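One structure below.
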Amino acid sequence: MKKLISFIQKTFFDDLEQMEKIGFPLALLLVAYGFFLSMINQPYFQGIYTVRNGFLCSLQQLMLFSLMILCLVRAGRGLSHKNGKQFFLYSIFALMFLFGFGEKIRWGQFIFELSIPEFFYKNNTQGQITLHNLKFGDFSVNKVIFGSFLAIIVSLYSLLLPFLYAKNIGPIRKLSDSFGLPVPKTTQIFWYILLVVPALLIPDSKRGEVVQLAGVWSFAMFYAFPRNKKALV
2 MKKLISFIQK TFFDDLEQME KIGFPLALLL VAYGFFLSMI NQPYFQGIYT
52 VRNGFLCSLQ QLMLFSLMIL CLVRAGRGLS HKNGKQFFLY SIFALMFLFG
102 FGEKIRWGQF IFELSIPEFF YKNNTQGQIT LHNLKFGDFS VNKVIFGSFL
152 AIIVSLYSLL LPFLYAKNIG PIRKLSDSFG LPVPKTTQIF WYILLVVPAL
202 LIPDSKRGEV VQLAGVWSFA MFYAFPRNKK ALV
């Protein structure tokens with residue numbers, strides 16, 4: 002038992018900061034709750050737990066907005082310290098999370114009761130003001146760009162980059178540190194896998210909300226507490 006506790010401590014908690022030690026297990030509880038809820042109470046899972054603008058959706062919106070603010074702060078620090086690389090990279094990241102936040106709130110469609118432009122009415126599979134649900138003939142933006150392409154980018158970033166950085170292979174470490182690119186810690190990667198895998202195994206078509214929560218939550222930890230935090234100005 003002591004060996005098991007020691008293994009868990011070393012694998013999942015050793016190099017985490019206090020907020021991560023609380024945040025990751027809390028995220029796992031939300032994923033686990035969604036997993037079991039989908040099997041024992043599907044109407045509640047679909048109609049309340051994963052409903053649009055429900056708890057999970059609102060939590061993602063909050064985290065995406067917080068990530069945008071974090072990136073703006075770091076871009077500002079890069080500018081004030083005359084670090085053009087960090088200013089450039091985090092300005093791009095801020096725009097990226099602004100886009101994610103905008104898509105998540107449907108660019109204010111329901112908040113401001115906006116009428117749907119004809120373009121989105123014809124080409125959006127859900128009749129919403131969002132880009133990720135656009136479909137042109139057989140080409141689905143969500144499936145091709147936000148599914149396959151984004152999945153590859155996220156996998157390279159969260160799984161391959163930390164390995165290359167730790168092994169100091171090629172110019173990866175030097176470039177990551179000079180730009181202030183947040184590199185996930187090994188413990189964070191284990192948590193990311195622990196969150197995403199059971200979310201993907203949820204036997205329900207609406208598991209996407211839980212998968213997205215697991216991903217956004219992990220990225221919030223990656224960016225807030227990276228392995229190379231000392232490289233940031």
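For what it's worth, my numbering labels the leading residue of the sequence shown as 2, then goes sequentially.
Just so it is clear, CB atoms sit at the ideal spot from N, CA and C, and this is done for glycine as well.
What you are looking at is a predicted structure, and each value in this text was computed from that prediction instead of being measured.
Any idea what DSSP makes of Phe111, helix, strand or coil?
Of the three classes helix, strand and coil, the one that applies to Phe111 here is coil, per DSSP.
Leaving aside the five residues before and after Asn125 along the sequence, list all residues of the same chain whose C-beta is less than 7 Å from its C-beta, in chain order.
Excluding residues up to 5 positions away in sequence, Thr131, Asn134, Leu135 lie with their Cβ nearer than 7 Å to the Cβ of Asn125 in the same chain.
Where does the unbroken alpha helix (DSSP H) through Glu18 begin, and where does it stop?
Per DSSP, Glu18 belongs to no alpha helix (DSSP H) and is neither H nor E.
Kindly list the residues whose CB is nearer than 6 Å to the CB of Lys207, restricted to its own chain and excluding five residues on each side of it in sequence; keep chain order.
Excluding sequence neighbours, Lys207 sits near Gln47, Thr51.
Quick check: the Cα distance between Gln129 and Tyr122, rounded to an integer number of angstroms?
7 Å
Unbroken beta strand (DSSP E) runs of length 3 or more, entirely within the region 37-71: which are they?
none
Determine the direct distance from the alpha carbon of Ile117 to that of Pro185, and round the result to whole angstroms.
39 Å
Applying the criterion that 16 or more other CB atoms from any shown protein chain within 10 Å of the CB defines a buried residue, is Phe164 buried or exposed?
exposed
Under three-state DSSP, which class holds Ser141?
strand
Anyone know if the C-beta pair for Gln43 and Leu233 falls short of 8 Å?
In this structure, Gln43 keeps its C-beta atom at 8 Å or more from the C-beta atom of Leu233.
Restricting to Cα atoms, I'd like to know which of Leu73, Leu63, Pro227, Asp205 is closest to Ile41.
Asp205
Are there 16 or more other CB atoms within 10 angstroms of the CB of Ala28, so buried, or fewer, so exposed?
Result: buried.
Alpha helix (DSSP H) containing Asp205: first to last residue?
Unbroken run through Asp205: none, as it is neither H nor E.
Just the C-alpha distance for Phe37 and Pro199, rounded to the nearest angstrom, thanks.
10 Å
Excluding sequence positions up to five away, which residues of its chain have a Cβ less than 8 Å from the Cβ of Lys83?
none
Select from Phe102, Ile93, Val212, Ile49 the residue whose C-alpha is nearest the C-alpha of Phe66.
Nearest to Phe66 by alpha-carbon distance, out of Phe102, Ile93, Val212, Ile49, is Phe102.
Would you list the one or two residues that DSSP bridges to Lys136?
Ser141
Enumerate in chain order the residues of its own chain whose CB-to-CB distance from Gln62 is below 8 Å, with the five nearest sequence positions on each side excluded.
Excluding its 5 nearest sequence neighbours in each direction, Gln62 has C-beta neighbours in its own chain below 8 Å: Phe102, Lys105, Ile106, listed in chain order.
Indicate whether at least one CB of chain D lies closer than 8 Å to the CB of Gly138.
The chain inventory of the structure shown lacks chain D, comprising one protein chain alone.
Roughly how many angstroms separate the alpha carbons of Ala152 and Leu115, rounded to a whole number?
31 Å
Note the first and the last residue of the continuous alpha helix (DSSP H) segment covering Met97.
85-105
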